[in-house]
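Heads up: the sequence shown at position 67 corresponds to 66 in numbering that gives the first Met the number 0, and the numbers run straight through without jumps. Here's the structure we're looking at; comments come further down.
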Amino acid sequence: MDEKSVRYSKCGEITTKRSGKKSTFQTSTTENGPPLRRSPRLNEKAKPSQAVVAAKKNAKMRQVSKKVPDIVIKDIYQTAREAKDMVRKQTGIIYDRHMTEHKCIWDPNYPECPERFTRVLERCEALGLISRCLFLEAREATENEILMQHSVEQVKILKATSECRDEEFLEELSSRYDAIYFHPRTYKLSLLSAGSAIELTDAVCMGKVQNGMAVVRPPGHHAMKSEYCGYCFFNNVALAATHALTHCGVSRILIVDWDVHHGQATQQMFYCDPR
């Protein structure tokens, strides 16, 4: 073996002036070279970082939690307890015959006509249903209530048509939208329609009535946040539902839209709302 490649180790001690403590060190050297210091820590096993340990632990816990199914315990007496001291109340009904004033001036055969409203009331009266209900007074929605689901611009445009007698202007404005006509009374009656739906919702939530029906027009389920559509100006159902969620302590609502056409506006307004 070449003598110049021979290495040997030597242990020694060193004392620092500041601490006065002795430290053990180990050096390696060659026959013709200066000694090389080797730290004792190089011989210790490397320890994993705390972050790595925590990550592995969390991953293991997630795997275990996936295997354990959720256990749901249903209280079979919950409904009975909640029904205690409850008394069945009347069914509410709300409408206003002024809603027949909304009609198309330039086309008397337009499909959305006052008869759609009056026919419902006539049938209810023939069956004796109205006399069995508690009549609620219709009211106009406030502008703040409308703005819960509609834009300021949408309110502004409709408000500008209020009591307008310029038939040519109303017809031209109507042509900008899908299946829409404006009447001088449309703005006020749209407020009345939305306000009546909110009023009925309040009566149900506050326990004044057991349930109820709002016979109103103009209709609302095609009215989007910033656009009129399909005979609709303000979304009555969406506004009533939003009012219940915001002011009546309701946590969840089911909206059943029963119509020949899809109520796309109502869907859009609640599409990302888990309530």
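Backbone N, C-alpha and C define an ideal beta-carbon position, used for all residues, glycine too.
Our two residues, phenylalanine 168 and asparagine 210, have alpha carbons roughly 42 Å apart in a direct line. If you draw a straight line from the Cα of threonine 99 to the Cα of histidine 246, it comes to about 31 Å. Less than 8 Å separates the beta-carbon of isoleucine 179 from that of tyrosine 230. Taking alanine 193 as reference, the option from Glu171, Met147 and Val151 with the minimal CA-CA separation is Met147. Counting along the chain, no beta strand (DSSP E) covers alanine 79; the unbroken alpha helix (DSSP H) around it starts and ends at 77–81. DSSP links asparagine 210 through a beta bridge to Thr90. Going by C-alpha positions, threonine 185 is about 7 Å away from serine 161. Within the DSSP secondary-structure output, leucine 133 pairs in a beta bridge with Gly91. Within the model, the alpha-carbon separation for isoleucine 145 versus arginine 138 is close to 13 Å. Contact check for threonine 200 against alanine 237 fails: the beta carbons are separated by 8 Å or more. Residue pairing from DSSP places aspartate 177 in a beta bridge opposite Cys228. Leucine 126 carries a coil assignment under DSSP once its states are collapsed to helix, strand and coil. In the structure shown, the three-state DSSP call for isoleucine 197 is helix. Taking alanine 213 as the centre and dropping the five residues before and after it, the same chain places the C-beta of Ile93, Ser195, Ala196 and Leu199 closer than 6 Å to its C-beta, in chain order. Its Cα nearest to that of isoleucine 104, the residue Glu170 stands out among Met223, Lys207, Glu170 and Ser225. Of the residues Gly206, Asn234, His220 and Glu136, the one whose Cα lies closest to the Cα of glycine 248 is Gly206.
Comparing alpha carbon positions, the residue from Pro218, Thr241, Lys155 and Leu135 closest to arginine 251 is Thr241. Judged by pairs of C-beta atoms under 8 Å, the stretch 53–64 does not touch the stretch 72–84, as fewer than three such pairs exist. In the structure shown, threonine 141 falls within a coil segment according to DSSP collapsed to helix, strand and coil. Burial check for proline 218: the Cβ neighbour count within 10 Å reaches 16 or more, so the residue is buried.
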